[in-house]
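The structure under discussion appears below in the form of structure tokens.
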Ligand code: ADP
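Residue numbers (this note's numbering): 31 to 771.
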């Protein structure tokens, strides 16, 4: 066996070791069932030597009895269908010794592992397993669950030490539960460096959920081939020999047998149930399968619990993000929503301080490093390229050296870049948390140069407990925290773009308002000029004192009328501007009641026996009741007013509901309006030419139009002089109006 070198340690092809553990033997055939590989130790089990078998067809050799032959071929079929996943086995007896034959199909070869069927255990596995599973699942606390699992596995396989070994994110492991015999010291809480179980070994633990090293002191049995065959891939073989580095590692620990069961969480290797025995102890296939079952149940229990925990955190984070989102919806600046509230950016994640760098300005909250440092950090982040627009580390100083001077508030950092092309960030800082990690021996591997001058590496042989003071490190950032940060980033980005749009809309409205103000001031100056001129001329006449008392009185009366008219106009202007400013208090309005009341009031005030007001369909409208009343009061009032000379004077109101809107038509048989004035009548103080003999100010329709605009509705008309008019008003149905507010 070649010397393991530093080069080949991480790359050591441990799946093709060329040998197997010698407590069993192996035969491998190709797809034509010709024997291509055989372990040389077959001669200790059967009266055959390996080279004699090579090149023969499986059917030509008579090692299997009739029954086994049938079983073998049915298993081959099964292995074919399962394409290597899941192991099949059957029992076979040779020279009064019982064997389990485990069949695998991998890389165009069927591999048969022959291993002893007799375990050292005399127990009723079935009952034991049943009891174990209910025992394991009886506790909902994760620590107790893991300890339970360790004790139950210990009962099944009767090993000296059973540990639950959890992999941390950086690959190093920690003993998180343990069951052991009294005579040995506890390893609970000890950490093991990632190099103790290299990456490729961890990959194999994902494929083979159980792994037995039956006796570290036994000599492996080499595989014999015809010399032409490539090394056999033993990934799936239960007998696969162990890496010499690992054997030495176990020997250094004083371990004679090692057994492990993988604990998986959503396809990832969460950890191992690692078992050690200080004397060789073989565990047969059935017992291993039972332990595997316990491992699988434990895996699902852990996955379930972690998922539950994740969900719990996710709910908390969602509420945090929602709170900030509510601030973002307020009419305040984005930085105010994130920073200047009782509940702010730093409260979204478990941290002491946070910062928001937006539009070249830094905003901070809580315990953060000084600004000079943050600006340098931002510059460093700008130059860094990172996937998904975030940087997250509990050890910032490893990547950004300056951070080591800010350990008290910036040992850990989570930074989210706001946009791909924007150097704007949300930053969360975490302080240093000093802790002591108890390592099982110094984490370095020992490198030596051998006599040929090749640098080689031997597994560590010191397992003396060694404490390491962990510094410049914060609490780790969890996946659910990153998710929360990213979802907040989306909300903030959304708010920023919404505010930009709002600003555009506000600008647009401002422009409209200016334009309106222009007409407004023109109209006011123009329309108020008439009564003012009247007042002035009459006042001058009175001043001259040329008139007798009677005339003076009549002029004073005209002055009074003039001021009344001005007052009325001013009131109307106020009403108009009020309609523009008032906030909508929307609800579903019972139109039938509203229209009936209006009808009644109009009939009373018109005092016209010829007048008929008919209310037909009256579907409900979603809007501000006072304003809607103003709309119908104006339109029906006009209809009554401008048809009062018709005999009979007919006014009708009806509403039609469609998918998106409700349209009301207010019809009369009055004087009508010339087509060229259908638009102008909606302007302030504008009146159609024919309406001079009717009382009015020309403000009503402009108020109606404003109210409709506020309701996201429309107004239009159909009218001809002498033929009457129909005014149509449309209102959006509930949903769209709801969005509007
Ligand atoms: P006014 O106080 O003059 O009625 P409005 O703003 O309500 O003011 O209406 C503006 C003008 O539109 C009216 O002066 C009138 O010329 C015309 N008008 C409104 N409604 C009718 C109608 N039903 N029939 C004929 N003309 C109408």
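Every residue, glycine too, gets a C-beta built ideally from N, C-alpha and C. Computed from a predicted model, the values in this text were never measured in an experiment.
Discussion item. Suppose you measure from the CA of residue 80 to the CA of residue 123; what does that come to, to the nearest Å?
Written reply: In the chain shown, counting from the first residue as 1, residue 80 sits at position 50. In the chain shown, counting from the first residue as 1, residue 123 sits at position 93. Cα to Cα, residue 80 sits roughly 19 Å from residue 123.
Worksheet entry | DSSP-derived helix/strand/coil call for residue 119 | Stepping through the chain shown from its first residue, residue 119 is reached at position 89. Strand at residue 119.
Worksheet item: Do you know how far the Cα of residue 336 is from the Cα of residue 425?
Response: Sequence index remark: in the chain shown, residue 425 carries index 395 (1-based). Sequence index remark: in the chain shown, residue 336 carries index 306 (1-based). Each residue's Cα considered, the two are about 25 Å apart.
Worksheet item: Does any residue of chain C bring its CB to less than 7 Å from the CB of residue 323?
Response: Included in the structure is just one protein chain, with no chain C present.
Item to complete: Since I believe residue 582 is in contact with residue 572 (beta carbons under 8 Å), could you give me their beta-carbon distance rounded to a whole number of angstroms?
Response: One-based indexing of the chain shown puts residue 572 at position 542. One-based indexing of the chain shown puts residue 582 at position 552. Confirmed, about 6 Å.
Practice prompt. Inspect the CB distances between the region 249-269 and the region 157-176 and report whether three or more fall short of 8 Å.
Written response: Segment contact: the region 249-269 against the region 157-176, fewer than three CB-CB distances shorter than 8 Å; contact not assigned.
Worksheet item: In three-state DSSP terms, what is residue 230?
Response: The residue given as residue 230 occupies position 200 in the chain shown. DSSP places residue 230 in the helix class (H, G or I) of the three-state scheme.
Worksheet item: Hey, is residue 685 close to the ligand ADP, as in C-beta under 6 Å from one of its heavy atoms?
Response: Numbered from 1 along the chain shown, position 655 holds the residue referred to as residue 685. It does not: the Cβ of residue 685 is nowhere closer than 6 Å to a heavy atom of the ligand ADP.
Discussion item. Is it the case that the region 314-328 contacts the region 344-352, given that we only count it when at least three CB pairs across the two stretches are under 8 Å?
Written reply: No, the region 344-352 is not in contact with the region 314-328.
Practice prompt. Run the CB neighbour count on residue 768, radius 10 Å, all protein chains shown included, and call it buried at 16 or more, exposed below.
Written response: On the chain shown, position 738 is the one that residue 768 refers to. At residue 768 the pLDDT is 48, less than 50, meaning the model places this residue with poor confidence and gives no usable figure here.
Discussion item. Quick check on the burial criterion: 16 or more other C-beta atoms within 10 angstroms. Buried or exposed for residue 635?
Written reply: For the purposes of this step, residue 635 is taken as residue 605 along the chain shown, with counting starting at 1. Within a 10 Å sphere around the beta-carbon of residue 635 sit fewer than 16 other beta-carbons, which makes this residue exposed.
Worksheet item: What first and last residue would you give for the beta strand (DSSP E) that runs through residue 63?
Response: Here residue 63 corresponds to residue number 33 of the chain shown, with the count starting at 1. Judged by DSSP secondary structure, residue 63 falls outside any beta strand (DSSP E); it is assigned neither H nor E.
Item to complete: Give the straight-line distance between the Cα atoms of residue 352 and residue 374, rounded to the nearest whole angstrom.
Response: Walking along the chain shown from the start, residue 352 turns up at place 322. Walking along the chain shown from the start, residue 374 turns up at place 344. Going by C-alpha positions, residue 352 is about 11 Å away from residue 374.
Worksheet item: Below 7 Å between beta carbons: does that hold for residue 247 and residue 221?
Response: In the chain shown, counting from the first residue as 1, residue 247 sits at position 217. In the chain shown, counting from the first residue as 1, residue 221 sits at position 191. If you check the CB distance, residue 247 and residue 221 do not come in under 7 Å.
Discussion item. Just to check my reading of the structure: residue 444 and residue 512 have Cβ atoms closer than 8 Å, yes? What is that Cβ distance to the nearest angstrom?
Written reply: Mapped onto the chain shown, residue 444 falls at position 414. Mapped onto the chain shown, residue 512 falls at position 482. That pair is a contact at about 7 Å.
Practice prompt. Under 8 Å by Cβ, that's how I've got residue 292 and residue 305 pegged, so tell me the actual separation to the nearest angstrom.
Written response: The sequence position of residue 292 within the chain shown is 262, counting from 1. The sequence position of residue 305 within the chain shown is 275, counting from 1. Actually they are not in contact, since the Cβ atoms of residue 292 and residue 305 sit about 12 Å apart, beyond 8 Å.
Discussion item. At the level of alpha carbons, what is the spacing between residue 133 and residue 94?
Written reply: One-based indexing of the chain shown puts residue 133 at position 103. One-based indexing of the chain shown puts residue 94 at position 64. Approximately 14 Å between the Cα atoms of the pair.
Worksheet item: Should residue 698 be listed as close to the ligand ADP, given that the test is whether its C-beta is under 6 Å from any heavy atom?
Response: Position 668 of the chain shown holds residue 698. Yes, the beta carbon of residue 698 sits closer than 6 Å to at least one heavy atom of the ligand ADP.
Worksheet entry | Which listed residue (364, 451, 655, 391) has its alpha carbon closest to that of residue 418 | Here residue 418 is taken as the residue at index 388 of the chain shown, counted from 1. It is 451 whose Cα lies nearest to the Cα of residue 418.
Worksheet item: How do the region 738-750 and the region 648-661 stand: do at least 3 beta-carbon pairs fall below 8 Å, yes or no?
Response: Segments in contact, yes.
Fill in: Validate contact between the region 609-618 and the region 700-712 using beta carbons, cut 8 Å, 3 pairs
The region 609-618 vs the region 700-712: no contact.
Discussion item. Our contact map puts residue 269 next to residue 143 with C-beta atoms below 8 Å; I'd like the distance itself, whole angstroms only.
Written reply: The residue you call residue 269 lines up with position 239 of the chain shown. The residue you call residue 143 lines up with position 113 of the chain shown. Right, the Cβ-Cβ distance comes to about 5 Å (below 8 Å), so this counts as a contact.
Worksheet item: When you compare each of 65, 694, 285, 192 to residue 90 by their alpha carbons, which one comes out closest?
Response: Numbered from its first residue, the chain shown carries residue 90 at position 60. It is 65 whose Cα lies nearest to the Cα of residue 90.
Practice prompt. Would you give the residue range spanned by the alpha helix (DSSP H) that residue 657 belongs to?
Written response: Here residue 657 corresponds to residue number 627 of the chain shown, with the count starting at 1. Where residue 657 is concerned, the enclosing alpha helix (DSSP H) starts and stops at 655-671.
Item to complete: Measure the alpha-carbon distance for residue 613 versus residue 652 and round it to whole angstroms.
Response: As a working mapping, residue 613 is identified with position 583 in the chain shown. As a working mapping, residue 652 is identified with position 622 in the chain shown. Each residue's alpha carbon lies about 15 Å from the other.
Worksheet entry | Classification of residue 334 by the beta-carbon crowding that lies within 10 angstroms, buried from 16 upward | Position 304 of the chain shown, counted from the first residue, corresponds to residue 334. Exposed, because fewer than 16 other Cβ atoms sit within 10 Å of the Cβ of residue 334.
Practice prompt. Let me know if residue 294 comes out buried or exposed under the rule of 16 or more other beta-carbons within 10 Å of its beta-carbon.
Written response: Residue mapping note: residue 294 aligns to position 264 of the chain shown, counting from 1. So residue 294 ends up on the buried side.
Worksheet item: Residue range of the beta strand (DSSP E) that residue 346 falls in?
Response: Position 316 of the chain shown, counted from the start, is the residue given in the question as residue 346. Run containing residue 346: none in the beta strand (DSSP E); it sits in the alpha helix (DSSP H), 315-359.
Worksheet item: Under three-state DSSP, which class holds residue 265?
Response: Walking along the chain shown from the start, residue 265 turns up at place 235. In the displayed model, residue 265 falls within coil according to three-state DSSP, outside both helix and strand.
Practice prompt. To the nearest angstrom, report how far apart residue 486 and residue 389 are at their CA atoms.
Written response: Here the question's residue 486 lines up with position 456 in the chain shown. Here the question's residue 389 lines up with position 359 in the chain shown. Here residue 486 scores only 49 on pLDDT, less than 50, and its place in the model should not be relied on; the value that follows carries that caveat. When only Cα atoms are considered, residue 486 and residue 389 end up about 56 Å apart.
Item to complete: Measure the alpha-carbon distance for residue 197 versus residue 49 and round it to whole angstroms.
Response: As a first step, residue 197 is located in the chain shown; it is residue number 167 there, counting from the start. As a first step, residue 49 is located in the chain shown; it is residue number 19 there, counting from the start. As the crow flies, the alpha-carbon of residue 197 is around 29 Å from that of residue 49.
Worksheet item: Between the beta-carbon of residue 606 and the beta-carbon of residue 732, is there less than 7 Å?
Response: As a working note, residue 606 is residue 576 in the chain shown. As a working note, residue 732 is residue 702 in the chain shown. At a Cβ-Cβ threshold of 7 Å, residue 606 and residue 732 count as neighbours.
Worksheet entry | Candidates 410, 223, 626, 397: closest to residue 462 by CA position | In the chain shown, residue 462 corresponds to position 432, counting from 1. Cα-wise, what sits closest to residue 462 is 397.
Worksheet item: Given 8 Å as the limit, is there contact between the region 637-645 and the region 675-684, that is, 3 or more CB pairs closer than that?
Response: With the cut-off at 8 Å, the region 637-645 and the region 675-684 touch.
Item to complete: Consult DSSP for residue 290 and reduce its assignment to one of helix, strand or coil.
Response: Taking the chain shown and counting its residues from 1, one reaches residue 290 at position 260. For residue 290, the three-state secondary structure derived from DSSP is strand.
Practice prompt. Over the uninterrupted alpha helix (DSSP H) stretch that includes residue 59, give me the two end residues.
Written response: Along the chain shown, one-based indexing puts residue 59 at 29. Element bounds for residue 59: not the alpha helix (DSSP H) but the beta strand (DSSP E), 55-59.
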